[in-house]
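Participant: Okay, here's the structure, questions in a sec.
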Amino acid sequence: MEQAFRALLLANAGVTALAGSRVDFGEASDTSGPYVVLWVIGDAGGHTLTGSDGLSRGRIQADCYALGYPEAKRLSRAVRSALDAHRGGGFRGIFHDATREDREGGGNETKRPYRISLDFLIHWRADHA
55 MEQAFRALLL ANAGVTALAG SRVDFGEASD TSGPYVVLWV IGDAGGHTLT
105 GSDGLSRGRI QADCYALGYP EAKRLSRAVR SALDAHRGGG FRGIFHDATR
155 EDREGGGNET KRPYRISLDF LIHWRADHA
């Protein structure tokens with residue numbers, strides 16, 4: 055699911071116009087411009103009385119970073135537009151659930167990036183990806 059989720063963002067012209075290829079799970083490999091860090095917050099398989107139903111339900115958080123608030127906001131809007139209500143491939147549905155805004159900690163005020171976090175609910179079936 056993670057590779058397909060990242061690929062959706064990298065295939066979106068709005069996201070890549072702002073972040074380029076700076077979209078990664080776990081940590082940013084390049085912070086030279088606006089970037090997105092993705093986190094799996096939860097992932098659970100569905101079950102029936104006869105075993106797995108093959109459907110996973112989870113949550114992915116997309117943290118959109120930039121040195122300026124307007125850039126972080128534009129990037130978060132592009133990410134939301136690329137993902138919200140998406141259906142295709144193994145994704146049975148991706149739905150925006152929540153947004154939070156803050157600023158990273160640190161001692162140097164001018165170098166503290168703005169972060170806009172987006173939570174997405176994911177419904178995924180791997181065998182149809």
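According to the numbering used here, the stretch in the sequence shown is residues 55 to 183, in order.
Here a beta-carbon is modelled for each residue, glycine too, at the ideal position from N, C-alpha and C.
Would you mind listing the alpha helix (DSSP H) stretches within the region 89 to 141 that are 4+ residues and don't spill past its ends, in chain order?
Facilitator: Entirely contained in the region 89 to 141, the alpha helix (DSSP H) runs reaching 4 residues are, in chain order, 123 to 137.
Participant: Thinking C-beta only, is A73 closer than 8 Å to L129?
Facilitator: In the sequence shown, counting from the first residue as 1, residue 129 sits at position 75. In the sequence shown, counting from the first residue as 1, residue 73 sits at position 19. Yes, the Cβ-Cβ distance between L129 and A73 is below 8 Å.
Participant: Please report the distance separating the alpha-carbon of D181 from that of G100.
Facilitator: Reading the sequence shown from its first residue, position 127 is the one you call residue 181. Reading the sequence shown from its first residue, position 46 is the one you call residue 100. Cα to Cα, the separation comes out at about 14 Å.
Participant: From L63 to Y89, what distance separates their C-alpha atoms?
Facilitator: Within the sequence shown, residue 63 is the residue found at index 9, counting from 1. Within the sequence shown, residue 89 is the residue found at index 35, counting from 1. Spanning the two alpha carbons is a distance of roughly 11 Å.
Participant: Under a three-way DSSP split, which group does R166 fall into?
Facilitator: Within the sequence shown, numbered from 1, the residue matching residue 166 stands at position 112. Of the three classes helix, strand and coil, the one that applies to R166 here is coil, per DSSP.
Participant: In terms of residue numbering, what span does the alpha helix (DSSP H) encompassing A152 cover?
Facilitator: In the sequence shown, residue 152 corresponds to position 98, counting from 1. Taken as a continuous stretch (DSSP letters only), A152 belongs to no alpha helix (DSSP H), being part of the beta strand (DSSP E) at 145 to 157.
Participant: Using the beta-carbon count (16 or more within 10 Å), is D190 buried or exposed?
Facilitator: The structure shown does not extend to residue 190, since the chain spans only 55 to 183, so no value can be given for it.
Participant: How many Å lie between A98 and G112 at the Cα?
Facilitator: For the purposes of this step, residue 98 is taken as the residue at position 44 of the sequence shown. For the purposes of this step, residue 112 is taken as the residue at position 58 of the sequence shown. Those two C-alpha atoms are separated by around 6 Å.
Participant: Should A132 and R169 be called a contact, given that it needs their Cβ atoms to be closer than 8 Å?
Facilitator: As a working mapping, residue 132 is identified with position 78 in the sequence shown. As a working mapping, residue 169 is identified with position 115 in the sequence shown. Contact: no.
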